[in-house]
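Novice: Quick one: this structure, given as structure tokens, is what I'll be asking you about.
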Amino acid sequence: VKKFAAMMVKHHTEAKSKQGKLMDKAKLSPQPNPMSEKMAKDGAAALENLRGATPADFDKAYVALQVKEHRELLDALDQKLIAAAQNTEMKAYLNDLRPRVAEHLQGAQTLGDQLAQPKTSAR
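Reminder that position 49 of the sequence shown reads as 65 in this note's numbering, one-by-one numbering, no gaps.
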């Protein structure tokens, strides 16, 4: 889980940096909207949930959160964001981002499946 979390931090930092550069270049600024407000609210609630998790439950809660958030982002990309992007470079960025989000979702699901397996004791 720690390795996956470190990868998430690295990839999300890279994506946010690239997105920021594209927005600056195109002179775009993020506008509050129902989707961004919901994501911010859900993110704050998820962080509180993780803070309240016991050490034994933290990994499962973190991975479940990653599955949920990546699934929601993938749905948003497919149903709204890519089609709504009017800037050619931003649309290309979102299209390039989609497979990585799908890869992260698959990785989180696999990790969640592994965490759900009962631990076997060595005899």
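Ideal Cβ positions, reconstructed from N, Cα and C, are used throughout, including at glycine. Keep in mind it's a predicted model, so treat the numbers as computed, not measured.
Between the segment 64–71 and the segment 87–107, do three or more beta carbon pairs fall short of 8 Å?
Specialist: no
Novice: Is DSSP giving K135 helix, strand or coil here?
Specialist: coil
Novice: Our contact map puts R114 next to L93 with C-beta atoms below 8 Å; I'd like the distance itself, whole angstroms only.
Specialist: 5 Å
Novice: Among the residues of its own chain, which have a CB less than 8 Å from the CB of H27, if the five just before and after it don't count?
Specialist: R116 and H120
Novice: The alpha helix (DSSP H) spanning S45 covers which residue range?
Specialist: Careful: S45 lies outside any alpha helix (DSSP H) and carries neither H nor E.
Novice: Given a cut-off of 8 Å, decide if V17 and V79 are closer than it, judged by their beta-carbon atoms.
Specialist: The Cβ-Cβ distance between V79 and V17 falls below 8 Å.
Novice: What is the rounded straight-line gap between the Cα of D75 and the Cα of K135?
Specialist: D75 and K135: Cα-Cα distance of roughly 14 Å.
Novice: Please report the straight-line C-alpha distance between A56 and K32, rounded to a whole angstrom.
Specialist: 15 Å
Novice: Do the CB positions of L44 and N103 come within less than 8 Å of each other?
Specialist: yes
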